[in-house]
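Enquirer: Let me begin by handing over the structure; questions about it come next.
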Amino acid sequence: MATIYDVARAAGVAPSTVSRHINGHSVRQSEAIERAIGTLGFRASASARNLRKGNTQVIAMIVPDIQNPYYAATVAGAEEIGRQNGLRMVLCNTDEDIDLEDDVLRDIAGRVDGAILVPASERSSTSLFDAPNAIPLVLMDRETLGKRRFDTVTIENHRGGVLAAQHLLDLGHRDVAIITGPVTASQSRARETGFLEVFANADIQVPDRFIVRGDFREAGGYQAALDILSARRRPSALFVVNNMMSMGALRAINDLRLRLPHDLSLVCFDQLPCEGVISPRLTTIRRPMEEQGAMAMRLMLTRLRAEADDDRDHEPRTLTLPVELVLGASTARAGQGAAPVTLVEDDR
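Going by our numbering, the residue at position 265 of the sequence shown is 268; the numbering climbs one at a time, nothing skipped.
Right, here's the structure in full:
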């Protein structure tokens with residue numbers, strides 16, 4: 004059975020234009036649309052009628068881990084802007100699985116006006132959005148390897164790694180380690196690169212055994228930290244590239260009865276969900292999380308308006324938000340410090 008997307012492709016117009024024609028609005032391409040409808044035997048369904056812009060008024064936000072507080076914050080930022088503009092939002096979780104992500108993207112086609120996607124991997128397929136008649140897509144946080152450019156909101160990932168490394172280098176740390184993410188995740192790779200470059204420029208080579216890949220999950224961070232910190236020769240400092248793996252690293256540090264920053268200096272990327280009950284206060288690389296989600300929704304609104312005006316020449320934009328180093332008490336000069344790490348469970 005032919006779909007509204009088949010008609011749009013055959014007529015060389017956007018699905019929203021087909022939907023406006025179906026709903027009785029005057030459009031320049033009416034004759035081409037009618038020819039495509041006749042050729043394909045298309046019959047308009049309720050969902051096709053609902054596709055016109057401003058009617059579904061729904062944006063899908065697709066994230067890889069709904070348990071991560073970072074994504075909760077970005078969703079809140081996006082939802083606020085959407086609500087101010089009369090849009091509702093549906094949240095989808097892909098569990099860092101590109102196959103599940105592909106299923107989600109297929110499921111939402113024709114049911115929403117657009118999608119804000121945090122790709123599960125740089126290998127994530129965006130082919131459903133490659134055609135000019137597809138619903139708008141905005142990428143957030145991570146990039147993909149597809150040939151087509153999309154509106155994107157990212158942060159200074161490379162600079163985040165540089166800030167963490169320079170801070171530790173300034174404190175005299177030479178034996179450092181990093182818990183990074185999967186090699187297919189562009190943002191963690193950029194943080195890792197920035198971190199390693201600082202030490203390389205200081206003629207310090209971080210050994211491979213101190214560069215451990217996790218999976219962005221707490222359990223992965225825990226195991227990676229155990230692998231690093233159980234070695235006969237431990238590093239004096241550790242950088243963890245995301246908040247959930249930082250939680251796992253803290254648990255490993257606690258289990259090994261190491262003290263921050265006396266036994267180990269620690270820098271984390273992003274705020275942690277239980278940060279307020281961790282002592283000592285953590286040194287972190289922070290970003291404007293809610294603002295990142297808000298900017299993604301603003302890009303979506305701009306894209307929707309452009310498509311409503313049949314502006315196919317509207318160039319995709321990439322917005323890069325700043326990061327900053329927030330000093331806590333989890334870092335100290337190499338060989339100094341005296342504070343034990345305390346997790347909330349210790350107080351129960």
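We put the beta carbon where it would ideally sit given N, CA and C, even for glycine.
1. Could you tell me the alpha carbon to alpha carbon distance between D206 and S249, rounded to whole angstroms?
2. Whether or not the segment 141 to 152 and the segment 218 to 230 are in contact is what I'm after, with contact meaning three or more pairs of Cβ atoms, one per stretch, closer than 8 Å; do they touch?
3. Please report the straight-line C-alpha distance between R55 and V61, rounded to a whole angstrom.
4. What first and last residue would you give for the alpha helix (DSSP H) that runs through F202?
5. Closer than 6 Å by C-beta to V21: which residues in its own chain qualify, once you throw out the five before and the five after it? Chain order, please.
6. Reducing DSSP to helix, strand and coil, say where S233 ends up.
7. What's the C-alpha gap between I181 and C277?
8. Tell me where the alpha helix (DSSP H) around G85 begins and ends.
9. Quick one: what does DSSP say T305 is sitting in, helix, strand or coil?
10. Under a three-way DSSP split, which group does A1 fall into?
11. Once DSSP output is grouped into helix, strand and coil, what is the label at F153?
12. Are G217 and A193 close, meaning C-beta to C-beta below 8 Å?
13. So what does DSSP say about V280, is it helix, strand or coil?
14. I281: which of A188, I231, A252 and L174 sits nearest, CA to CA?
15. Does L2 come out as helix, strand or coil in the three-state DSSP assignment?
16. Reducing DSSP to helix, strand and coil, say where V10 ends up.
17. Roughly how many angstroms lie between the CA atoms of A17 and F153, to the nearest whole one?
18. Between T147 and E34, what straight-line distance do the alpha-carbon atoms span, to the nearest angstrom?
19. Just to check my reading of the structure: G331 and P283 have Cβ atoms closer than 8 Å, yes? What is that Cβ distance to the nearest angstrom?
20. What do you reckon, are the CB atoms on S124 and I101 nearer than 8 Å?
21. CB-CB under 7 Å to L304, same chain, minus the five flanking residues each way: which ones, in chain order?
22. In three-state terms, what does DSSP make of F213?
23. In this structure, does DSSP put A51 in helix, strand or coil?
24. Determine which residues share a DSSP beta bridge with V61 and list them.
25. To the nearest angstrom, how far is it from the Cα of Q190 to the Cα of L43?
Expert: According to the structure shown:
1. 27 Å
2. no
3. Low per-residue confidence applies at R55: pLDDT is 44, beneath 50, and the placement is therefore not dependable, though the value from the model is reported in the following sentence. Taking the straight line from one Cα to the other gives about 11 Å.
4. S189 to N204
5. I7, V10, A11 and I36
6. coil
7. 22 Å
8. P72 to Q87
9. helix
10. Since the first and last residues shown for the chain are 4 and 351, residue 1 lies out of range.
11. coil
12. no
13. helix
14. A252
15. Since the first residue shown for the chain is 4 and the last is 351, residue 2 is missing from the structure and cannot be characterised.
16. helix
17. 16 Å
18. 37 Å
19. 6 Å
20. yes
21. N88
22. helix
23. Only weak support exists for where A51 lies, its pLDDT of 49 falling under 50; the value from the coordinates is given anyway. Here A51 sits in helix by DSSP.
24. R91
25. 43 Å
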